[in-house]
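See structure below.
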Amino acid sequence: MIDSSAPERMAGHALVEALVAQGVDTAFGVPGESYLAVLDGFHEFRDRIRFIACRQEGGAAFMAEAQGKLTGRPGICFVTRGPGATNASIGVHTAFQDSTPMVLFIGQVASGQRDREAFQEVDYRQMLGPGTLGFAKWVGEVQSADRLPEYVAHAFHAAMQGRPGPVVLVLPEDMLATPTRAPVLARVEPAQAWPAPGALRDLRAMLTAARRPFVIVGGSGWSAESAQALQRFAENWQLPVGCGFRFQDSFDNRHPLYAGDVGIGINPALAQRIREADLVLAIGVRLGEMTTGGYTLLAAPRPQQKLVHLHAGAEELGRVYAADLMLQSSLANAGKALDTLAAPPTVPWSAWTEQAHADYLANQVASPVEPMDMAAVMKTIARLAPSDTVYTNGAGNFSGWLHRFVPYPGLQHAGRTQLACTSGAMGYGLPAAVGAALLEPARLAVNISGDGDFLMNGQELATATGYGAKKLISVVVDNGTFGTIRMHQEREYPGRVSGSDLFNPDFVAFARAFGWEAERVDRTADFEPAFARALAANRPSLIHLKLDADVSTSRATLSSIRNAALARAKDSKDAPR
Ligand SMILES: Cc1ncc(C[n+]2csc(CCOP(=O)(O)OP(=O)(O)O)c2C)c(N)n1
Numbered sequence: 029m030i031d032s033s034a035p036e037r038m039a040g041h042a043l044v045e046a047l048v049a050q051g052v053d054t055a056f057g058v059p060g061e062s063y064l065a066v067l068d069g070f071h072e073f074r075d076r077i078r079f080i081a082c083r084q085e086g087g088a089a090f091m092a093e094a095q096g097k098l099t100g101r102p103g104i105c106f107v108t109r110g111p112g113a114t115n116a117s118i119g120v121h122t123a124f125q126d127s128t129p130m131v132l133f134i135g136q137v138a139s140g141q142r143d144r145e146a147f148q149e150v151d152y153r154q155m156l157g158p159g160t161l162g163f164a165k166w167v168g169e170v171q172s173a174d175r176l177p178e179y180v181a182h183a184f185h186a187a188m189q190g191r192p193g194p195v196v197l198v199l200p201e202d203m204l205a206t207p208t209r210a211p212v213l214a215r216v217e218p219a220q221a222w223p224a225p226g227a228l229r230d231l232r233a234m235l236t237a238a239r240r241p242f243v244i245v246g247g248s249g250w251s252a253e254s255a256q257a258l259q260r261f262a263e264n265w266q267l268p269v270g271c272g273f274r275f276q277d278s279f280d281n282r283h284p285l286y287a288g289d290v291g292i293g294i295n296p297a298l299a300q301r302i303r304e305a306d307l308v309l310a311i312g313v314r315l316g317e318m319t320t321g322g323y324t325l326l327a328a329p330r331p332q333q334k335l336v337h338l339h340a341g342a343e344e345l346g347r348v349y350a351a352d353l354m355l356q357s358s359l360a361n362a363g364k365a366l367d368t369l370a371a372p373p374t375v376p377w378s379a380w381t382e383q384a385h386a387d388y389l390a391n392q393v394a395s396p397v398e399p400m401d402m403a404a405v406m407k408t409i410a411r412l413a414p415s416d417t418v419y420t421n422g423a424g425n426f427s428g429w430l431h432r433f434v435p436y437p438g439l440q441h442a443g444r445t446q447l448a449c450t451s452g453a454m455g456y457g458l459p460a461a462v463g464a465a466l467l468e469p470a471r472l473a474v475n476i477s478g479d480g481d482f483l484m485n486g487q488e489l490a491t492a493t494g495y496g497a498k499k500l501i502s503v504v505v506d507n508g509t510f511g512t513i514r515m516h517q518e519r520e521y522p523g524r525v526s527g528s529d530l531f532n533p534d535f536v537a538f539a540r541a542f543g544w545e546a547e548r549v550d551r552t553a554d555f556e557p558a559f560a561r562a563l564a565a566n567r568p569s570l571i572h573l574k575l576d577a578d579v580s581t582s583r584a585t586l587s588s589i590r591n592a593a594l595a596r597a598k599d600s601k602d603a604p605r
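Each residue of the sequence shown is one higher than the one before, starting from 29 at the first, in the working numbering.
What follows is the structure, given as structure tokens:
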């Protein structure tokens, strides 16, 4: 119903007003002529909300995705139709795979031109809708200016409720310029589900019968209180806890119950422990390909271990795995519900739990590497950076050193400190760090990039400079190749390099051209003073780490991978037939 007492204003203004009412103070985007009335709305409300104009919609969508991760409320991105929407789609895919609340607004052709393949026209329900199984949870097209607040409220609910994720709202150009007296709706809070009491009793019985339990925690929607309560639950029951792939900040990595991250490049001892567990509690995390070691740590669809799966979305439960017990619960309640389970005075698995943490600590030790020791570099960063630093990364082998050697504090201590895409999208890390530095200027944002990864969104250096980011450091790990792909090539087709070499710019000159501080580091010993200078700079800084092309992962060199593959090929040729 339309409140006739609301002042008449353009729908574009009413939209920005609605965002302000939802508590949004920052939106990211690239402007387009399809949504001029909204841009005018940002001008109208400029003392309450800012529009950060990025240099590419992929960068803008990643910044909005990072905003969703950091705040737990939908990240906001505005793009124009056709080309803008296609560029932004990578951020929608990432928000979907990462279960991040986000709303992407797309300017659309005028209603009177629909279905003519008008200039840059695309049908976003087809392109990004739930039927794609990898983009938006919901796509709405706002046909009526008077219903705009209803659509915004629906979008915010859909983005945050159940399994959080991205939502798309399509805005026909003519609708945005229509006058409306639509009311401003109140801030939306997600409905939060609790696990059923009977299921909690069953879980307690399963825990009591276990000998080698293991917890994998992750997912989106945790509150600080719930994360704290989950830690108490783990402490009461003395449970070893691992974090799902790129949800490594879900549990305090410095805690004696921490067992490591369950993702790419997993500690082999941890992988073995999960295989040997007799009860796995997957709390909040999707049991996706990366967290299950390609569905091998837990055999799909029926694992050897007993499996309890708690997830916020009903559609995720029983999707791959036939769990012995399924609990549907918002993560903001999950820890609190688990914390009510009374633990026995002693548990039979104390030694198992202690060994899990000992394995984690042993994995922190690595043999020294000359002239550039990435383990030492990561440990230096962790030592010098404040404990609430936000670390960001995209995709590539370089991320393995970050995940392995930098401990993330739990959510209850500093909120989200890891902005990293489970979608494995290259180019995520730099815009995520720029977004974090602009959204939370009091905290340091450190981006670790590969040389391939970095230049996928290198243009966003300009956004950082233009909007005055200060506590922002990007470390570019340059081995001169698309190293991950080269690693796979050497393993599958040894010695046959194809398409994986990189031609790189002078990264220092590149960053300086955007007004950043920058320096190159070739030896481990020079890293610490360089990082200290970057910390003291109080402006964006880039550190270019030059590595040998043979540097591949935190566990192996390219030549060792190639030699092992050649030896395997020789063995199979020599084998009797
Ligand atoms: C957008 C995107 N394109 C391609 C890929 C496939 N891919 C995964 S890792 C990788 C190479 C990364 O190279 P670099 O950033 O230099 O890091 P390195 O692996 O050398 O450490 C590629 C091409 C991807 N994950 N995302």
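C-beta: ideal position from N, C-alpha, C; glycine also.
The model shown is predicted, which means the values in this text are computed figures rather than measured ones.
Which runs of the alpha helix (DSSP H) at least 4 residues long sit entirely within the segment 124 to 198? Give them in chain order.
With a minimum length of 4 residues, the continuous alpha helix (DSSP H) runs that stay inside the segment 124 to 198 are 152 to 156, 176 to 188.
Could you check if R514 belongs to the surroundings of ligand 1, using beta carbon to heavy atom distance under 8 Å?
True, at least one ligand heavy atom lies under 8 Å from that Cβ.
With a threshold of 6 Å on Cβ separation, who are the neighbours of D416 within its own chain once the five nearest residues in sequence on each side are excluded?
Closer than 6 Å at Cβ, skipping near neighbours: A442, R471.
Assign L439 to one of three DSSP states: helix, strand, or coil.
Of the three classes helix, strand and coil, the one that applies to L439 here is helix, per DSSP.
Going by the DSSP bridge assignment, what does I334 pair with across the sheet?
In the sequence under discussion, the amino acid at residue 334 is Lys, which differs from the Ile named in the question. Note: K334 sits in a beta bridge opposite L307.
Do you know how far the Cα of Y388 is from the Cα of H9?
Nothing about residue 9 can be read from this structure; the chain reaches only from 29 to 605.
Which residue spans inside the segment 488 to 555 form an unbroken alpha helix (DSSP H) run of at least 4?
Runs found: 489 to 494, 511 to 520, 535 to 541.
Pick helix, strand or coil for L594, following the three-state DSSP scheme.
L594: helix per DSSP, three-state reduction.
Under 9 Å between the Cβ atoms of Y349 and L366?
In this structure, L366 does not lie closer than 9 Å to Y349 by Cβ.
Count the other CB atoms within 10 Å of the CB of Y419; is the residue buried (16 or more) or exposed (fewer)?
When all chains shown are included, Y419 counts as buried.
When the Cα atoms are used, what is the spatial distance from D550 to A221?
Those two C-alpha atoms are separated by around 52 Å.
Considering only C-alpha positions, which residue in the set H185, E263, P533 is nearest to R215?
For the residues H185, E263, P533, the minimum Cα distance to R215 belongs to H185.
By how many angstroms is the C-alpha of N425 removed from the C-alpha of V397?
Distance between the alpha carbons of V397 and N425: 16 Å.
Grab the span of the alpha helix (DSSP H) containing Q95 for me, first residue to last.
Start and end: 85 to 99.
Skipping 5 residues on each side, what residues in its chain have a beta carbon closer than 6 Å to that of E468?
Closer than 6 Å at Cβ, skipping near neighbours: no residue.
Near D602, what residues of its chain come up, given a Cβ to Cβ distance below 6 Å and the 5 sequence neighbours on each side ignored?
None.
Short of 6 Å in beta carbon distance, which residues of its chain neighbour M29, apart from the five on each side in sequence? Order them along the chain.
Because the pLDDT at M29 is just 49, under 50, the model does not fix this residue reliably, and the point stays unresolved.
Quick check on DSSP: helix, strand or coil for Q256?
In the structure shown, Q256 sits in a helix (DSSP, three-state: H, G or I).
Quick check on DSSP: helix, strand or coil for I589?
DSSP places I589 in helix when its eight states are reduced to three.
Which same chain residues end up closer than 6 Å to G190 when comparing Cβ atoms and leaving out the 5 residues on each side of it in sequence?
Closer than 6 Å at Cβ, skipping near neighbours: A340, G341.
Using beta-carbon positions only, say whether A116 and G86 come within less than 9 Å of one another.
Their beta carbons are under 9 Å apart, which means A116 touches G86 by this criterion.
Can you tell which of R240, G363, T319, A173 has the C-alpha that lies nearest to the C-alpha of W250?
It is G363.
By DSSP, does N421 sit in helix, in strand, or in coil?
Reduced to three states, the DSSP call for N421 is strand.
On a Cα-Cα basis, can you pick out the residue from G270, G57, N361 that is closest to P223?
Answer by Cα proximity: N361.
For T381, write down the residues that DSSP places opposite it in a beta bridge.
None; T381 has no bridge partner.
Relative to the C-alpha of L132, which residue among A146, S139, Y152 is closest?
Minimum Cα distance to L132 is reached at Y152.
So which of G96, G135, R301 has the shortest CA-CA distance to Q383?
Closest by alpha carbon: R301.
Which residue spans inside the segment 427 to 488 form an unbroken alpha helix (DSSP H) run of at least 4?
Those alpha helix (DSSP H) runs which fall completely within the segment 427 to 488 and span 4+ residues are 427 to 433, 439 to 442, 457 to 467, 479 to 483.
How long is the line joining the alpha carbons of S188 and A227, rounded to whole angstroms?
Here residue 188 is Met; the residue named in the question, Ser, does not match the sequence. Each residue's Cα considered, the two are about 24 Å apart.
Give me, in chain order, the residues of the same chain whose beta-carbon lies closer than 8 Å to that of F273; leave out the 5 immediate sequence neighbours on both sides.
Around F273: G246, D289, V290, G291, I292, G316, M318, T319, T450.
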